[in-house]
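Contents: one structure, followed by commentary.
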Amino acid sequence: MFRERLWTYSLVTGVTLLIWFWAATETRDEGTASFRIELVGAADQVVTPSELTVHVKMEGSSLALERALQAAQLSIKLTVGNELPSQTGVQRVKVLEALERNETIAGTGVSLLSVDPIDLDIAIDNLVTATLPIEPVLPGVELDGTVTVDPPQVQVRLPRRIRDRAGSDLRVTANVLGQRLDRLKPGVLNTITASLELPPRFAEDPTVTLDRSFAEITFTVKSRIKQTTLPTVRVQIAGPPEDHEEYFIEIENPTLANVTIKADLELIGRIERNQAVVVAIVHLSQREKERGIKEKPVTCFMAIPRDGNAAFRAAIVSAEIEGDTQAPVIRLKISDRTAKPPA
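Sequential numbering of the sequence shown, starting at 74, is according to my numbering.
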């Protein structure tokens, strides 16, 4: 009697499980999920964008939908040559068709009803290597002798289309912070480890990489360089002194505004303490005066001691006006004092 009841109980339980399993695998239902998709190229390729999220509406059994939701917890990889086109360049991908070809999605047993986005434009490009010189950047110092960079070159890995369009904008610099340079003594040979940097538009692109992050720069500081901006700089005419009696020269723009001066740290200090004045020199030759030229660029900018200060000599300084290093043009009106007035 007990064995008959046990057998009956086991039979009922087995049939119930079979009915549940059949219902779980055969009853169709709908569901939604968001899949994180990785777009993957071959070893020497890059795909842009590299990832996205796709919202999927699907149909399947309860078991299939459960498997699909489990798959959604992980990233789904779509690779070039399998789910994605193999041709390089910009390609339009039908997202639903690409997902249907994916083994992970197919293995869940669901049918995809719709996706968002429907289409996706991707760029498939081959990665290339460019060898670039490392340019040392040492702000605020004047150097004595040459600068040595070790290693002198760096390998840059990047998509071909970026390399072809970059031109001279693609460069690698070894940057030494000004605070570190402030601590260095002039006349002493220094070796500093500096970080390598790309211009921002390349550095922000994850597909552009360097084969190293640092380089060693060896150099000797001659002097520290500083800059200061002067609200006005007076223009002066230079030339043979004997010409002063023969020609009258009128400067139509006798002052220049917002002139940034770069010079030795000590000289800039004298300028800021009003111990020196900066003037823009325009040198005119005898022939230029005879011709009565109408304009001429500034010959040089010079810092001159004030009030006969003999502590230092006049010195030529670098100058720019609002970032422009081109010499400003001075408008002139030259007249001959010795010319006879018309009868």
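Note that the Cβ used here is the ideal one computed from N, Cα and C, for glycine as well.
Looking at the structure shown, is residue i part of a helix, part of a strand, or coil, going by DSSP?
i    : result
I92  : A caution first: I92 carries a pLDDT of 48, below 50, which makes its placement in the model too unreliable to give a value.
P321 : Pro is not the amino acid found at residue 321; the sequence shown has Phe there. Here F321 sits in strand by DSSP.
S148 : strand
L250 : coil
A276 : helix
R234 : helix
G240 : helix
A116 : coil
I154 : A small correction: the amino acid at residue 154 is Gly; Ile does not occupy that position in the sequence shown. Three-state DSSP puts G154 in coil, outside helix and strand.
Q300 : strand
R307 : strand
D102 : strand
S408 : strand
S159 : coil
D255 : helix
L357 : coil
L340 : helix
L211 : coil
L283 : strand
L142 : helix
A97  : Reliability of the predicted coordinates at A97 is poor, the pLDDT of 47 falling under 50, and no value is obtained from them.
Please report how far the alpha carbon of residue i lies from the alpha carbon of residue j, in whole angstroms.
i    : j    : result
N248 : Q164 : 39 Å
G365 : I407 : 5 Å
E132 : A115 : 32 Å
L185 : T280 : 32 Å
P313 : S358 : 7 Å
E103 : I178 : 15 Å
A203 : Q228 : 6 Å
A392 : A239 : 31 Å
S296 : G342 : 14 Å
D194 : L243 : 26 Å
A97  : V166 : Confidence at A97 is low in this model, with a pLDDT of 47, below 50, so its placement is unreliable and the value that follows should be read with caution. Going by the C-alpha atoms only, they are around 34 Å apart.
T181 : E173 : 11 Å
E323 : V352 : 17 Å
L262 : L254 : 12 Å
R417 : T302 : This structure gives no information on residue 417, because the portion of the chain shown stretches from 74 to 416.
I197 : S135 : 37 Å
F385 : D409 : 37 Å
P259 : R360 : 45 Å
I235 : D117 : 15 Å
R379 : A388 : 13 Å
I'd like to check one pair, residue j with residue i: are the Cβ atoms closer than 7 Å?
i    : j    : result
I354 : V390 : no
V294 : L338 : no
I290 : V245 : no
V183 : A141 : yes
G218 : G251 : no
K362 : Y320 : yes
V188 : T152 : no
T282 : T305 : no
V119 : P273 : no
A288 : L340 : no
V220 : P209 : yes
E156 : A171 : yes
I298 : E215 : yes
Quickly, what does DSSP pair residue i with across the bridge? List them, please.
i    : result
F292 : N263
E393 : T333
H378 : For the record, residue 378 in the displayed sequence is Pro; it is not His. DSSP, once it has assigned bridges, lists A349 as partnering P378.
V402 : P370
E111 : E124 and K150
F385 : Note: F385 sits in no beta bridge, so no partner.
G133 : D102
* Kindly provide the ranges of any beta strand (DSSP E) runs that are 3 or more residues long and lie completely inside the region 163–208, ordered along the chain. => The qualifying runs are 184–189.
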